[in-house]
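Residue numbers (UniProt numbering): 1 to 275.
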């Protein structure tokens, strides 16, 4: 059985060295033909499933906070220090067993999604993208900051060579009655943000005519009280410089091409959208 769309996996609690091994192994492809790829920490796409390091208590706490389900299942690697209700594979990792477990979760997920569609229930976006720093010692003000209310109102601005992607976004948001603007250059984008409230700016980083980092900083500075979010639209490989992006204040990225449901789910992280 083959699948042309790889499943997005969010890793929790693994070292950089282990993360690189996951990336390399996923790139080879194994199992029944399902493909898998790891979501970077700043990737706004919702994961299809989680893989957590069972020996790290912090990873288990983060996983619990994310509330895995049959629709977005979790797989543990190793022996957990506490009893948790998730599928598990032993260490050292035997990759054929890892892929067997992932393939089974994919099939269980497909069954759960079909039942959701039949009942007209909507799956919710991922609740938290940032790791919880600790349980007891985090400043409550930090949690209040993380839980800031979503923006009500405001447009979405697409910065791209042509209006094609803008039209795609506008069609997705027509029921939410959100205005979707288009700009083909930096000055035009800054002007749009100065004239009206813009909730989210989506910048195609492949455009050679713009500096996405400079533009990111600029649109956030035009009307700082509007709390404008900036999302980069990047190619899957070498799409942007993470250090420069964070310094400019970007809020995350999506890889192109991006499916409509992933795009809407990402926008819901920053603005209120009516169903």
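Note that beta-carbon positions come from the ideal geometry of N, C-alpha and C, so glycine has one too.
From a predicted model like this one, the values you see are computed outputs, not experimental measurements.
- For residue 233, the uninterrupted beta strand (DSSP E) run begins and ends at 229-234, by DSSP.
- Secondary structure note for residue 50: its beta strand (DSSP E) is the uninterrupted segment 49-53.
- Straight through space, the alpha carbons of residue 23 and residue 237 are spaced by roughly 13 Å.
- Taking the C-beta atoms as reference points, residue 7 is found no nearer than 8 Å to residue 77.
- Nearest C-alpha to residue 43 among 230, 272, 93, 273: 230.
- A straight-line Cα-Cα distance of about 43 Å links residue 166 and residue 97.
- Bridge pairing for residue 116: absent [DSSP].
- The criterion of a C-beta distance shorter than 8 Å is satisfied by residue 173 and residue 273.
- The three-state secondary structure of residue 22, taken from DSSP, is helix.
- Counted as a single uninterrupted DSSP element, the beta strand (DSSP E) harbouring residue 252 occupies residues 252-255.
- Under the Cβ criterion (8 Å, minimum of three pairs), the stretch 56-66 counts as touching the stretch 10-19.
- Of 28, 159, 108, the smallest CA-CA separation from residue 95 is found for 28.
- Annotated three-state conformation of residue 7 is strand, per DSSP.
- Ranked by Cα distance from residue 104, the options 220, 86, 91, 66 are led by 86.
- For residue 200, the three-state secondary structure derived from DSSP is strand.
- In this structure, the alpha-carbon of residue 206 lies about 11 Å from that of residue 255.
- Contact between residue 179 and residue 155 holds: their C-beta atoms lie close to 4 Å from each other, under 8 Å.
- Residue 182 is bridged by DSSP to 158.
- DSSP places residue 213 in the uninterrupted alpha helix (DSSP H) bounded by 212-222.
- Inside the stretch 55-92, DSSP marks whole alpha helix (DSSP H) runs of 4 or more residues at positions 57-66, from first to last along the chain.
- Counting of Cβ neighbours within 10 angstroms places residue 56 among the buried residues, the total reaching 16 or more.
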